[in-house]
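Q: If you read the sequences in order, they're chains A and B. For the first sequence, position 184 (counting from the first letter as 1) is numbered 184 according to this note's numbering, and the numbering increases by one without interruption. For the second sequence, position 221 (counting from the first letter as 1) is numbered 768 according to this note's numbering, and the numbering increases by one without interruption. C-beta atoms are modelled at their ideal positions from N, C-alpha and C, and glycine is treated no differently.
There are 2 protein chains.
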Amino acid sequence: MTKSALQIARAAYQPKLPKALKGAVIAKEGEATQSVADQEAIKALFPNTYGMPLIQFVEGEAVEYPAINVGVILSGGQAPGGHNVISGLFDGIKKLNKDSKLYGFILGPGGLVDHKYMELTAEIVEEYRNTGGFDIIGSGRTKLEKEDQFEKGYEIIKELGINALVIIGGDDSNTNACVLAEYYAAKKYGVQVIGCPKTIDGDLKNEMIETSFGFDTACKTYSEMIGNIQRDCNSSRKYWHFIKLMGRSASHIALECALQVQPNLCIVSEEVEANNMSLDDVVTYIAQAVATRAAEGNNFGTVLIPEGLIEFIPAMKKLIAELNDFLAHNAAEFAMVKKSQQREYIISKLSKENADIYASLPEGVARQLTLDRDPHGNVQVSLIETEKLLSDMVAVKLAQWKEEGKYVGKFAAQHHFFGYEGRCAAPSNFDADYCYSLGYTASMLIANGKTGYMSSVRNTTAPAEEWIAGGVPITMMMNMERRHGEMKPVIQKALVKLDGAPFKKFAACREEWAKETCYVYPGPIQYFGPTEVCDEPTKTLQLEQAK
Amino acid sequence: MTKSALQIARAAYQPKLPKALKGAVIAKEGEATQSVADQEAIKALFPNTYGMPLIQFVEGEAVEYPAINVGVILSGGQAPGGHNVISGLFDGIKKLNKDSKLYGFILGPGGLVDHKYMELTAEIVEEYRNTGGFDIIGSGRTKLEKEDQFEKGYEIIKELGINALVIIGGDDSNTNACVLAEYYAAKKYGVQVIGCPKTIDGDLKNEMIETSFGFDTACKTYSEMIGNIQRDCNSSRKYWHFIKLMGRSASHIALECALQVQPNLCIVSEEVEANNMSLDDVVTYIAQAVATRAAEGNNFGTVLIPEGLIEFIPAMKKLIAELNDFLAHNAAEFAMVKKSQQREYIISKLSKENADIYASLPEGVARQLTLDRDPHGNVQVSLIETEKLLSDMVAVKLAQWKEEGKYVGKFAAQHHFFGYEGRCAAPSNFDADYCYSLGYTASMLIANGKTGYMSSVRNTTAPAEEWIAGGVPITMMMNMERRHGEMKPVIQKALVKLDGAPFKKFAACREEWAKETCYVYPGPIQYFGPTEVCDEPTKTLQLEQAK
Chain A
1 MTKSALQIAR AAYQPKLPKA LKGAVIAKEG EATQSVADQE AIKALFPNTY
51 GMPLIQFVEG EAVEYPAINV GVILSGGQAP GGHNVISGLF DGIKKLNKDS
101 KLYGFILGPG GLVDHKYMEL TAEIVEEYRN TGGFDIIGSG RTKLEKEDQF
151 EKGYEIIKEL GINALVIIGG DDSNTNACVL AEYYAAKKYG VQVIGCPKTI
201 DGDLKNEMIE TSFGFDTACK TYSEMIGNIQ RDCNSSRKYW HFIKLMGRSA
251 SHIALECALQ VQPNLCIVSE EVEANNMSLD DVVTYIAQAV ATRAAEGNNF
301 GTVLIPEGLI EFIPAMKKLI AELNDFLAHN AAEFAMVKKS QQREYIISKL
351 SKENADIYAS LPEGVARQLT LDRDPHGNVQ VSLIETEKLL SDMVAVKLAQ
401 WKEEGKYVGK FAAQHHFFGY EGRCAAPSNF DADYCYSLGY TASMLIANGK
451 TGYMSSVRNT TAPAEEWIAG GVPITMMMNM ERRHGEMKPV IQKALVKLDG
501 APFKKFAACR EEWAKETCYV YPGPIQYFGP TEVCDEPTKT LQLEQAK
Chain B
548 MTKSALQIAR AAYQPKLPKA LKGAVIAKEG EATQSVADQE AIKALFPNTY
598 GMPLIQFVEG EAVEYPAINV GVILSGGQAP GGHNVISGLF DGIKKLNKDS
648 KLYGFILGPG GLVDHKYMEL TAEIVEEYRN TGGFDIIGSG RTKLEKEDQF
698 EKGYEIIKEL GINALVIIGG DDSNTNACVL AEYYAAKKYG VQVIGCPKTI
748 DGDLKNEMIE TSFGFDTACK TYSEMIGNIQ RDCNSSRKYW HFIKLMGRSA
798 SHIALECALQ VQPNLCIVSE EVEANNMSLD DVVTYIAQAV ATRAAEGNNF
848 GTVLIPEGLI EFIPAMKKLI AELNDFLAHN AAEFAMVKKS QQREYIISKL
898 SKENADIYAS LPEGVARQLT LDRDPHGNVQ VSLIETEKLL SDMVAVKLAQ
948 WKEEGKYVGK FAAQHHFFGY EGRCAAPSNF DADYCYSLGY TASMLIANGK
998 TGYMSSVRNT TAPAEEWIAG GVPITMMMNM ERRHGEMKPV IQKALVKLDG
1048 APFKKFAACR EEWAKETCYV YPGPIQYFGP TEVCDEPTKT LQLEQAK
């Protein structure tokens, strides 16, 4: 296998561990916990895993542990550092007992159900330390939700003599990990289930989980690119760059990148929704900033756009809902309409309010809304090129203002979408250390007989030495939410808080950033330089954890 | 000004210089030179700057130099390291005499003509050392070609007491630098003109100019991103990523990235042209690789596509030529055709051969070819989304093969275009050192009274200490070419040589890369680590310079 010079050099990196995990540890138990809301309902659903105490690991006496077999699953979208969770877990269980074994289930939770697995030997794990990606065993999006899946999984678990499963995933995967933990506990199968908080989106966090892994590296990688684009923008002085950023619903990535690079504009979906902004409001906001800069002779700038924006615009949400509903019931009739008449047809069928919005959309987007549908017949919002939609509409508005004498300038746009560029980047030192610690902590939770816990590493803005490792009962993070028409226990998704420190910092600066050119150029992630260059956590984390 | 931690740390980097430039130097002159072709014609056009000797700087005795005033111009597209050429030049002329002054002309060659300039003081230069971008004075695309421009320039040159101009640009800008040098020499204005080889595209190189600056950093930045995408691709195993890369006509960037990341496929425009491949041939080549991998259960992969591909497909070139010609003469009539009938209209008007090709193109591209035209009425080939065009056509072909039972698999594509992400990246150590050396060398050429020379730093695969600094008469690189219907003296553009070492290496590996998954993950550019990680030149340079 050919490797780059950096791959080779980086393989030798020894991730930093919290001090307490360096030697023998004992579990210090805190008080019993409660779910964040709907306590009675959650308690009823999780009789065996509700109300468990918080765990913190502290230095202790060496104890002899029996060998254990552990299974590990990567669930959902990739995030930098997944391989380090696995290597931390591997090193942890090997330290407990050198005869412990680690099995990896192939291509996600489906591997457990379909009995596809491999043993992760020292040799294999060695190849993946400090690397990005989930390619060691692959990931997948199968949801572990049903009893027959749990039972199918139990078959292979029994066969391999597995004592515990570690599920590395986002909020839904961790919810399902807890349902599985509860199920195995209720059945007295003696199989522990531990979760690990993964997602570049940054929307799995709360009081006990300071950040999900991968967010740090992904944001730094996107910020490197955006910084480079800003330098270009400020050199050639002739383009507005519309940059869409992955992150699903929440705007954490866009906000973090904004704090890192100081763009001219950054749209925050949560604010758009809170202020009940229309698409035209968003367009006007951007166009106004373009016009203000143009008046100073600056016909260039950058706009960051969160991937999930469209669904946070209340009016667009309503339009999409009506379109989904209408097309579900009239698919056959719609299929008969000539392509050139589809737009008029749709306009004639929608309510007045939604018809007006639909009519205002550029042709390409309007077509996307009616043509590209997922297997359930729903509009695939993620396919909408929001960055082009916005720049097209801004161009139309500016042309109108120009006619009215309200705008003098030139407007030319470039478009970018960053997602796949960051999900599998080699982890930053932060993510390498954090993930390794999460995996190692998971092994300690297993050793202490815990189930239904999420591995937790806190105090992450301090040096790694001072990080606090422990476990959080997953039920503690749950509330009841309506999903597909049914009330379900789920981990609360963390959207950007408009009263949180990161957004407030951004809000305090953004007028200046919009008008002036205050670009910051973060550059590529560094692994070998001074600590302030190599080990700094995200701005989001620094602001959130600032005392 | 807010700066990132890396910006601050990187500002302290002292670029490495060739040993000969560290102390006092003298110019060692070689034999008289000749142009690469059309010697008589070039000699006639450049009576004052033709046939000059090669220059090499070697260690010498310290000499006292009078203070000089130098003007510097950034011409054309940005390339990483431009600021270091300026800082090397600044340090060089200050070392010659501390009262020397450097003036920067604003926003490219236009700044010279329009008398827009600023003095580049130590304080200003300090802010830009080792940074990407051309924002210190901005760049521009004005071509210095006409006598009245030369005369306007001379006015401000006289006013500022400027002894020499340094023009940092690509092949055309350096050609113009030489024309300007010749003009000022003929007029005995006493103004020297020195060029510096800049372009990320890598197409300004020859025996004496081993590489143009910026190519190293841009390729490494794109390779970082492509590597990340490949890791993602190999983890989720469900997408083919079609990745278009900047680089104008030549495929150097795509080829270098291919050598760095080992993608499944890389199209090389020069080969497509040499083999007289049709668009369908290219599509079939890709589809065949997709089908072969699918047969092994691998429904994923990566394809690198050079920006200039379309114009290298002989049939497409002909189609575009006929379209340009037809639409130039029938613009009014075409404007009257209904949008829904434009395609049929065009097909009815083209020659049979071109009509067939036009009819085979996906609708979006066909429209782009007739609608989006530059101010001269020409198709804007750079706007064609080749990456989408190819994946659309591959999808159609695979669907056809599926019906014929020749293909079993799933094909889903993702698209990327990298350009602005790399043009202004902070320079790698190589580009930081190379550029600084080029700028410093330019100051030595000036001190030695040279004009019509390009700054040259060779032996660049050795440690910087051993680099050879000197000057190459620009006329030496020239030949006569037809441009806009007229024979002009120009620097030969270096396309990818199909018998060159980089292409041959790629060609020797590509079958294996296409079939297997041999991805390499270069990761982000490093500045502080081990030398094999931080200082390695491009694969292209290593292969070309290998003895």
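1. List the residues of chain A whose Cβ lies closer than 7 angstroms to the Cβ of THR968/B, in chain order.
2. Whose Cβ in chain B lies nearer than 9 angstroms to the Cβ of ALA9/A?
3. With burial defined as no fewer than 16 other Cβ atoms inside 10 Å of the residue's Cβ, what is the status of ALA79/A: buried or exposed?
4. Is LEU6/A close to chain B, meaning its C-beta is less than 8 angstroms from at least one C-beta of that chain?
5. Report the option in TYR527/A, SER251/A and GLN39/A whose CA atom is closest to the CA atom of MET480/A.
6. Touch check for the region 170-188 of chain A and the region 442-459 of chain A: three-plus C-beta pairs under 8 angstroms?
7. When burial is assigned at 16 or more other CB atoms within 10 Å of the CB, is HIS876/B buried or exposed?
8. With DSSP as the reference, label ILE474/A as helix, strand or coil.
9. Using a C-beta to C-beta distance shorter than 7 angstroms, which residues of chain A count as neighbours of ARG1104/B?
10. Take every Cβ of the region 783-790 of chain B, pair it with every Cβ of the region 849-857 of chain B, and state whether three or more of those distances are shorter than 8 angstroms.
11. Can you name the start and end residues of the alpha helix (DSSP H) that PHE312/A belongs to?
12. Whole angstroms is fine: what's the gap from PRO197/A's alpha carbon to ARG483/A's?
13. Please decide whether LYS550/B counts as near chain A, where near means a Cβ-Cβ distance under 8 angstroms.
14. Would you check if the distance between the CB atom of THR538/A and the CB atom of ASP114/A is smaller than 8 angstroms?
15. If I measure Cβ to Cβ from ALA579/B and keep anything under 6 angstroms in the same chain, skipping five residues before and after, which residues do I get?
16. Can you confirm whether PRO66/A, when its beta carbon is compared against all beta carbons of chain B, has any partner nearer than 8 angstroms?
17. Mind checking who ALA1016/B pairs with in its DSSP beta bridge?
18. Consult DSSP for SER518/B and reduce its assignment to one of helix, strand or coil.
19. For ALA295/A and LYS338/A, what's the separation of their Cα atoms in angstroms?
20. Assuming PRO1036/B contacts LEU712/B (C-beta within less than 8 angstroms), just tell me the rounded distance between them.
21. At the 8 angstroms Cβ level, is PHE681/B part of the contact set with chain A, yes or no?
22. What are the boundary residues of the alpha helix (DSSP H) that includes MET393/A?
23. Could you tell me the distance, in whole angstroms, from the CA atom of LEU319/A to the CA atom of SER351/A?
24. Using only the alpha-carbon positions, how far apart do MET336/A and LEU327/A sit?
25. Can you list the residues of chain A that VAL1067/B reaches, using a CB-CB cut of under 8 angstroms?
26. Who pairs with MET1034/B in a beta bridge, going by DSSP?
27. Kindly give me the distance between the Cβ atoms of ASP431/A and PHE213/A, rounded to whole angstroms, as I take these residues to be in contact under 8 angstroms.
28. How would you call GLU611/B, buried or exposed, if buried means at least 16 neighbouring beta carbons within 10 angstroms?
29. Under three-state DSSP, which class holds PHE681/B?
30. Under 8 angstroms between C-beta atoms, does THR221/A make it to chain B?
31. In three-state DSSP terms, what is VAL85/A?
32. Alpha carbons only, please: which of VAL1004/B, GLN835/B and VAL837/B is nearest the one belonging to GLY1018/B?
33. For PHE312/A versus GLU273/A, is the C-beta distance shorter than 8 angstroms?
34. Can you give me, in chain order, the residues of the region 427-454 of chain A that have a beta carbon less than 8 angstroms from any beta carbon in chain B?
35. Where does ILE747/B sit, in a helix, a strand or coil, going by DSSP?
36. Please state the DSSP three-state secondary structure of LYS101/A.
A: Quick answer:
1. Here residue 968/B refers to the residue found at position 421 when the second sequence is read from its first residue. Strictly speaking, residue 968/B in this sequence is Glu, with Thr absent from that position. Neighbours of GLU968/B on chain A, chain order: MET225, ASN228 and ILE229.
2. In the first sequence, counting from the first residue as 1, residue 9/A sits at position 9. GLN1073, GLY1076, PRO1077, GLU1079 and VAL1080, listed in chain order.
3. In the first sequence, counting from the first residue as 1, residue 79/A sits at position 79. So ALA79/A counts as buried.
4. Mapped onto the first sequence, residue 6/A falls at position 6. LEU6/A counts as touching chain B.
5. In the first sequence, counting from the first residue as 1, residue 480/A sits at position 480. Here the closest residue by C-alpha is GLN39/A.
6. yes
7. For this step, residue 876/B is matched to residue 329 along the second sequence. Exposed, since its Cβ has fewer than 16 Cβ neighbours within 10 Å.
8. As a first step, residue 474/A must be located in the first sequence, where it is residue number 474. In the structure shown, ILE474/A sits in a helix (DSSP, three-state: H, G or I).
9. Chain B is shown only over 548 to 1094; residue 1104/B falls outside these bounds and no answer can be derived.
10. yes
11. Sequence index remark: in the first sequence, residue 312/A carries index 312 (1-based). Boundaries of the alpha helix (DSSP H) around PHE312/A: 309-312.
12. Taking the first sequence and counting its residues from 1, the one referred to as residue 197/A is at position 197. Taking the first sequence and counting its residues from 1, the one referred to as residue 483/A is at position 483. Going from the Cα of PRO197/A to the Cα of ARG483/A covers about 21 angstroms.
13. Numbered from 1 along the second sequence, position 3 holds the residue referred to as residue 550/B. Closer than 8 angstroms: yes.
14. Looking up residue 538/A in the first sequence gives position 538. Looking up residue 114/A in the first sequence gives position 114. For THR538/A and ASP114/A, no; Cβs fall outside 8 angstroms.
15. In the second sequence, the residue the question calls residue 579/B occupies position 32. If we look at ALA579/B and ignore the five residues flanking it on each side, its Cβ neighbours are GLY598 and PRO600.
16. As a working mapping, residue 66/A is identified with position 66 in the first sequence. Chain B contact via Cβ: absent.
17. Locating residue 1016/B in the second sequence gives position 469, counting from the first residue. Answer is VAL1004/B, bridged to ALA1016/B.
18. The requested residue 518/B does not occur in the structure, where chain B is confined to residues 548 to 1094.
19. Taking the first sequence and counting its residues from 1, the one referred to as residue 295/A is at position 295. Taking the first sequence and counting its residues from 1, the one referred to as residue 338/A is at position 338. Between ALA295/A and LYS338/A, the C-alpha separation is close to 45 angstroms.
20. Position 489 of the second sequence holds residue 1036/B. Position 165 of the second sequence holds residue 712/B. The pair is not a contact, with the Cβ atoms about 19 angstroms apart (cut-off 8 angstroms).
21. For the purposes of this step, residue 681/B is identified with residue 134 of the second sequence, where counting begins at 1. Yes - at least one Cβ of chain A is within 8 angstroms of the one on PHE681/B.
22. Within the first sequence, numbered from 1, the residue matching residue 393/A stands at position 393. 386-403 is the extent of the alpha helix (DSSP H) around MET393/A.
23. Here the question's residue 319/A lines up with position 319 in the first sequence. Here the question's residue 351/A lines up with position 351 in the first sequence. Computed Cα separation, rounded: 9 angstroms.
24. By one-based count along the first sequence, residue 336/A stands at place 336. By one-based count along the first sequence, residue 327/A stands at place 327. The straight-line gap from Cα to Cα measures roughly 12 angstroms.
25. Numbered from 1 along the second sequence, position 520 holds the residue referred to as residue 1067/B. Ordered by position in chain A, the residues that pass the 8 angstroms Cβ test against VAL1067/B are THR2, LYS3, SER4 and GLN7.
26. Counted from its first residue, the second sequence places residue 1034/B at position 487. Answer is ARG1029/B.
27. The sequence position of residue 431/A within the first sequence is 431, counting from 1. The sequence position of residue 213/A within the first sequence is 213, counting from 1. Confirmed, about 6 angstroms.
28. For this step, residue 611/B is matched to residue 64 along the second sequence. Classification for GLU611/B: exposed.
29. For the purposes of this step, residue 681/B is taken as residue 134 along the second sequence, with counting starting at 1. Residue state, collapsed to three classes: coil.
30. As a position in the first sequence, residue 221/A is number 221, starting the count at 1. By this cut-off, THR221/A is an interface position.
31. Position 85 of the first sequence, counted from the first residue, corresponds to residue 85/A. If DSSP states are grouped into helix, strand and coil, VAL85/A belongs with the helices.
32. Counted from its first residue, the second sequence places residue 1018/B at position 471. Here the closest residue by C-alpha is VAL1004/B.
33. If you number the first sequence from 1, residue 312/A lands on position 312. If you number the first sequence from 1, residue 273/A lands on position 273. Yes, Cβ-Cβ distance for PHE312/A and GLU273/A is below 8 angstroms.
34. none
35. Translated into the one-based positions of the second sequence, residue 747/B becomes position 200. Coil at ILE747/B, not helix or strand.
36. In the first sequence, the residue the question calls residue 101/A occupies position 101. Reduced to three states, the DSSP call for LYS101/A is strand.
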